[in-house]
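Line by line, the protein sequences are chains A and B. Once you know that position 14 of the first sequence is 13 in numbering that gives the first Met the number 0, the rest is easy, because the numbers rise by one and skip nothing. Once you know that position 297 of the second sequence is 296 in numbering that gives the first Met the number 0, the rest is easy, because the numbers rise by one and skip nothing. We treat Cβ as the ideally placed atom computed from N, Cα and C, and that holds for glycine. Being a predicted model, the structure only gives us computed values, none of them experimental. One structure is given below, encoded as structure tokens.
There are 2 protein chains.
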Amino acid sequence: MENLPSLTVPTREVPIPSTVSPELQKQIAAPIPPMVAMPTTAEGWKALQKEANQVYANMAIAGAQQLGITIETIDLDGVTCYRVSPKSIAPGKENHAILHVHGGAFLFNAGMAAIGEAMLLAQACQTQAISIDYRMPPDYTFPAAPDDVLTVWKALMKNYDPKSVVMGGTSAGAGLIMTTMLRCKQEGIAMPAALFLGTPFADLTKTGDSLYLNAEVDRFLGRYEGRLVESTKLYAGSHDLHDELLSPIYGDLSGFPPAILVSGTRDLLLSTTSRVHRKLRDAGIPADLHVYEGMSHGDYLVAFLAPEAQNVMKEVALFFDRYWQP
Amino acid sequence: MENLPSLTVPTREVPIPSTVSPELQKQIAAPIPPMVAMPTTAEGWKALQKEANQVYANMAIAGAQQLGITIETIDLDGVTCYRVSPKSIAPGKENHAILHVHGGAFLFNAGMAAIGEAMLLAQACQTQAISIDYRMPPDYTFPAAPDDVLTVWKALMKNYDPKSVVMGGTSAGAGLIMTTMLRCKQEGIAMPAALFLGTPFADLTKTGDSLYLNAEVDRFLGRYEGRLVESTKLYAGSHDLHDELLSPIYGDLSGFPPAILVSGTRDLLLSTTSRVHRKLRDAGIPADLHVYEGMSHGDYLVAFLAPEAQNVMKEVALFFDRYWQP
Numbered sequence: 000m001e002n003l004p005s006l007t008v009p010t011r012e013v014p015i016p017s018t019v020s021p022e023l024q025k026q027i028a029a030p031i032p033p034m035v036a037m038p039t040t041a042e043g044w045k046a047l048q049k050e051a052n053q054v055y056a057n058m059a060i061a062g063a064q065q066l067g068i069t070i071e072t073i074d075l076d077g078v079t080c081y082r083v084s085p086k087s088i089a090p091g092k093e094n095h096a097i098l099h100v101h102g103g104a105f106l107f108n109a110g111m112a113a114i115g116e117a118m119l120l121a122q123a124c125q126t127q128a129i130s131i132d133y134r135m136p137p138d139y140t141f142p143a144a145p146d147d148v149l150t151v152w153k154a155l156m157k158n159y160d161p162k163s164v165v166m167g168g169t170s171a172g173a174g175l176i177m178t179t180m181l182r183c184k185q186e187g188i189a190m191p192a193a194l195f196l197g198t199p200f201a202d203l204t205k206t207g208d209s210l211y212l213n214a215e216v217d218r219f220l221g222r223y224e225g226r227l228v229e230s231t232k233l234y235a236g237s238h239d240l241h242d243e244l245l246s247p248i249y250g251d252l253s254g255f256p257p258a259i260l261v262s263g264t265r266d267l268l269l270s271t272t273s274r275v276h277r278k279l280r281d282a283g284i285p286a287d288l289h290v291y292e293g294m295s296h297g298d299y300l301v302a303f304l305a306p307e308a309q310n311v312m313k314e315v316a317l318f319f320d321r322y323w324q325p
Numbered sequence: 000m001e002n003l004p005s006l007t008v009p010t011r012e013v014p015i016p017s018t019v020s021p022e023l024q025k026q027i028a029a030p031i032p033p034m035v036a037m038p039t040t041a042e043g044w045k046a047l048q049k050e051a052n053q054v055y056a057n058m059a060i061a062g063a064q065q066l067g068i069t070i071e072t073i074d075l076d077g078v079t080c081y082r083v084s085p086k087s088i089a090p091g092k093e094n095h096a097i098l099h100v101h102g103g104a105f106l107f108n109a110g111m112a113a114i115g116e117a118m119l120l121a122q123a124c125q126t127q128a129i130s131i132d133y134r135m136p137p138d139y140t141f142p143a144a145p146d147d148v149l150t151v152w153k154a155l156m157k158n159y160d161p162k163s164v165v166m167g168g169t170s171a172g173a174g175l176i177m178t179t180m181l182r183c184k185q186e187g188i189a190m191p192a193a194l195f196l197g198t199p200f201a202d203l204t205k206t207g208d209s210l211y212l213n214a215e216v217d218r219f220l221g222r223y224e225g226r227l228v229e230s231t232k233l234y235a236g237s238h239d240l241h242d243e244l245l246s247p248i249y250g251d252l253s254g255f256p257p258a259i260l261v262s263g264t265r266d267l268l269l270s271t272t273s274r275v276h277r278k279l280r281d282a283g284i285p286a287d288l289h290v291y292e293g294m295s296h297g298d299y300l301v302a303f304l305a306p307e308a309q310n311v312m313k314e315v316a317l318f319f320d321r322y323w324q325p
């Protein structure tokens with residue numbers, strides 16, 4: 000392998016896909032985020048987090064009001080969570096729940112910033128979502144986040160049948176869900192009925208064809224260098240990034256619940272998504288992959304009003320409907 | 000859309016994925032095919048076809064001998080076909096058949112050159128495959144090829160239950176299968192139990208994100224310009240490329256049989272594959288998408304000994320097993 004040559008890909012012009020919705024086209028036309036210096040102090044990170052989180056929290060709260068979604072702050076065995084209830088619950092789904100684990104490179108989307116995706120899931124599935132406000136760096140590094148997710152899962156199981164609960168999240172959230180499944184296996188704990196793994200950040204070792212092919216193409220992440228590398232460092236500390244609880248793609252995925260995976264042609268993590276899909280399939284798990292034209296990493300959360308984003312949520316809801324039990 | 004800017008993607012170095020098999024790595028290390036002048040006369044095309052077809056025919060015949068596969072030339076209502084029988088037929092699959100439609104940009108793989116994929120399918124599914132040697136340019140242009148496929152399908156239905164037959168093919172073959180399904184719908188003819196659509200060349204209009212993103216990346220096709228453009232012209236003649244019988248992605252796919260679709264991260268037709276997947280899903284068709292790390296267009300046929308290629312065929316066989324009936 001070391002002796003095999005890399006491919007030099009020449010520069011190219013990539014038009015905006017003509018077949019996607021005007022809403023997504025507008026999103027695709029946004030500039031690639033520039034490479035910026037990352038904070039070097041805890042205070043610097045906290046300032047950056049506060050600023051970013053405020054934007055998303057405001058959006059989520061405004062959206063909730065518009066859609067008649069109720070948000071309650073709850074405590075589950077010491078972990079703050081948000082119960083997100085849509086206006087109407089589908090008949091038969093009164094005792095169902097979507098356990099939501101937010102993304103944000105293990106650093107962002109604390110507090111109410113997390114609940115945008117939980118709202119989309121709750122709306123599409125017409126049942127409640129419970130979003131975990133897990134601890135993050137700089138104050139709390141690995142394994143604080145997966146500890147919190149596992150704590151909430153265990154707490155929830157006191158009142159729910161595991162087969163009436165699904166788990167879902169995007170990017171780091173999907174990675175944390177996979178880590179939690181590995182820990183459920185280790186501890187012999189029941190797993191949920193099904194998983195939504197949106198473009199999972201399940202490999203922190205900078206491995207994957209699309210990390211190179213879609214560098215400077217993915218308009219949400221831009222490139223692996225910078226934010227992803229630095230946030231990974233901050234989260235993992237001195238732990239080996241190949242540790243399966245950090246990079247769950249390297250764990251044994253046999254026995255995982257059925258999973259739906261979502262990516263896009265411009266997603267920096269397209270390879271990670273399809274590699275997780277293959278690992279699940281090779282372990283005999285029912286697993287569905289959906290790749291959306293022109294979408295960058297997690298675009299369905301950014302351009303959440305685009306028909307394609309609604310289509311993602313519709314597929315997720317249909318998938319869950321195949322697996323959760325009353 | 001016309002006012003939205005295209006993306007200028009800078010040059011990059013793309014390493015060979017570390018997570019794929021040595022066999023596939025070797026394949027990925029092969030150089031991108033250079034842009035060459037296409038023939039300008041019928042004789043020129045025929046010479047090119049003859050040369051290419053001979054290479055693949057020899058490979059297929061040698062492979063058949065090695066694997067103990069029997070190849071019979073048969074005539075189905077005037078169309079030459081090859082019946083490809085594996086050494087052993089799985090119990091219960093004695094009356095099953097895989098109708099195989101070969102790829103090759105509507106120009107290549109005439110004669111025995113076509114049967115390599117049919118052999119892989121027959122081996123994986125442990126049942127017979129019937130591969131159609133449909134007519135091609137320069138002598139026979141559209142709609143000769145889909146006419147032949149439909150003729151064979153109708154001929155086969157005299158002796159088979161449609162639900163005991165599946166159809167499969169790659170690239171132009173997958174496109175022709177989709178065209179045939181549209182014609183079955185038009186004529187009210189039964190459709191097969193399931194489809195394998197390998198990286199379907201289902202859109203001849205040069206539409207799709209990956210046509211740009213994976214230009215000079217796909218080591219089988221290289222780029223859309225040149226061979227694909229010229230062969231499409233030769234095949235379609237003066238017909239509108241948006242005609243749904245030429246570009247079946249623009250047809251109404253409702254009522255299609257369940258389909259499994261395969262592509263790769265370096266596939267020039269990744270977008271076409273995922274767009275067809277989405278159109279099938281939006282029409283309510285069970286449809287599974289598989290994207291393989293590092294694979295270019297149809298790599299599972301070129302690097303057919305790689306574990307990943309075997310994995311493709313295993314997924315196809317598992318998918319068919321869900322749908323065909325005794």
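Under DSSP, Thr-7(A) takes part in a beta bridge, and its partners are Glu-12(B). Leu-3(B) reaches chain A at Pro-14, Ile-15, Gln-24, Lys-25, Ile-27 and Ala-28, counting residues in chain order whose Cβ is nearer than 9 angstroms. Taking the Cα positions, Gln-185(B) is about 18 angstroms away from Ala-154(B). Taking 8 angstroms as the upper bound on Cβ-Cβ separation, chain A lies near residues His-276, Arg-277, Arg-280, Asp-281, Asp-287, Leu-288, His-289, Val-290 and Tyr-291 of the segment 276-291 of chain B. Leu-227(A) is positioned such that its CB atom lies no closer than 8 angstroms to that of Val-164(A).
Only residues of its own chain outside the window of five on either side were considered, and among them Gly-67 have a CB closer than 6 angstroms to the CB of Lys-86(A), listed in chain order. Not a single C-beta of chain B is nearer than 8 angstroms to the C-beta of Pro-199(A). According to the DSSP assignment, Met-166(B) belongs to the beta strand (DSSP E) that extends over 164-169. In this model, Val-148(B) and Met-58(B) are separated by some 24 angstroms (Cα to Cα). No residue range can be given for Glu-215(B), since it is assigned to no alpha helix (DSSP H) and is classified by DSSP as neither H nor E. One thing to note: Ser-273(B) has its Cβ no nearer than 8 angstroms to the Cβ of Thr-169(A). For Leu-119(A), the uninterrupted alpha helix (DSSP H) run begins and ends at 114-124, by DSSP. Closer than 8 angstroms at the C-beta level to chain B, one finds no residue of the segment 168-199 of chain A.
Inclusion of Ser-270(A) and Leu-220(A) in the CB contact set at 8 angstroms is not warranted, their separation being larger than that value. For Ala-96(A), the enclosing beta strand (DSSP E) covers residues 96-100. Here Ser-295(B) carries a coil assignment [DSSP, helix/strand/coil]. In the three-state DSSP reduction, Thr-264(A) falls in the coil class, being neither helix nor strand. In this model, Ala-144(A) and Leu-120(A) are separated by some 21 angstroms (Cα to Cα). Assignment of Glu-71(B) by DSSP, reduced to helix, strand and coil, places it in the strand class. Taking 8 angstroms as the threshold, the shortest C-beta distance from Asp-320(B) to chain A does not fall below it. Against Glu-215(B), the close residues of chain A are Val-8, Pro-9 and Arg-11, in the order they occur along the chain (beta-carbon pairs closer than 8 angstroms). Interface annotation, Ser-246(B): not in contact with chain A, CB-CB separation never under 8 angstroms.
When the five nearest sequence neighbours on each side are left out, the beta carbons in the same chain lying within less than 6 angstroms of the beta carbon of Val-78(B) are those of Asp-147, Thr-150 and Val-151, in order along the chain. Counting only runs that start and end inside the segment 183-244 of chain A, the beta strand (DSSP E) elements of at least 3 residues fall at 194-197.
Within the segment 306-318 of chain B, those residues whose Cβ lies closer than 8 angstroms to any Cβ of chain A are, in chain order, Asn-310 and Glu-314.
In the three-state scheme derived from DSSP, where H, G and I count as helix and E and B as strand, Tyr-55(B) is classed as helix.
Nearest Cα to Gly-115(A) within the set Phe-105(A), Tyr-55(A), His-289(A) and Leu-244(A): Tyr-55(A). At a cut-off of 8 angstroms between beta-carbon atoms, Thr-231(B) makes no contact with chain A. When 8 angstroms is used as the limit between beta carbons, Asp-242(B) is near no residue of chain A, the shortest such separation being about 17 angstroms. In terms of beta-carbon proximity, Asp-298(B) stays away from the interface with chain A, with every pair separated by 8 angstroms or more. Rounded to the nearest whole angstrom, the CA to CA distance from Ala-123(B) to Ala-171(B) is 22 angstroms.
Secondary structure note for Tyr-322(A): its alpha helix (DSSP H) is the uninterrupted segment 306-322. For the segment 255-269 of chain A, the beta-carbon criterion of a distance under 9 angstroms to any beta-carbon of chain B is satisfied by Ser-262, Gly-263, Thr-264, Arg-265 and Leu-269.
Closer than 8 angstroms to the CB of Leu-212(B) there is at least one CB belonging to chain A. With 16 or more other Cβ atoms inside 10 Å of its own Cβ, Lys-278(A) counts as buried. Where Val-83(A) is concerned, there is no enclosing alpha helix (DSSP H), although the beta strand (DSSP E) around it starts and stops at 78-84.
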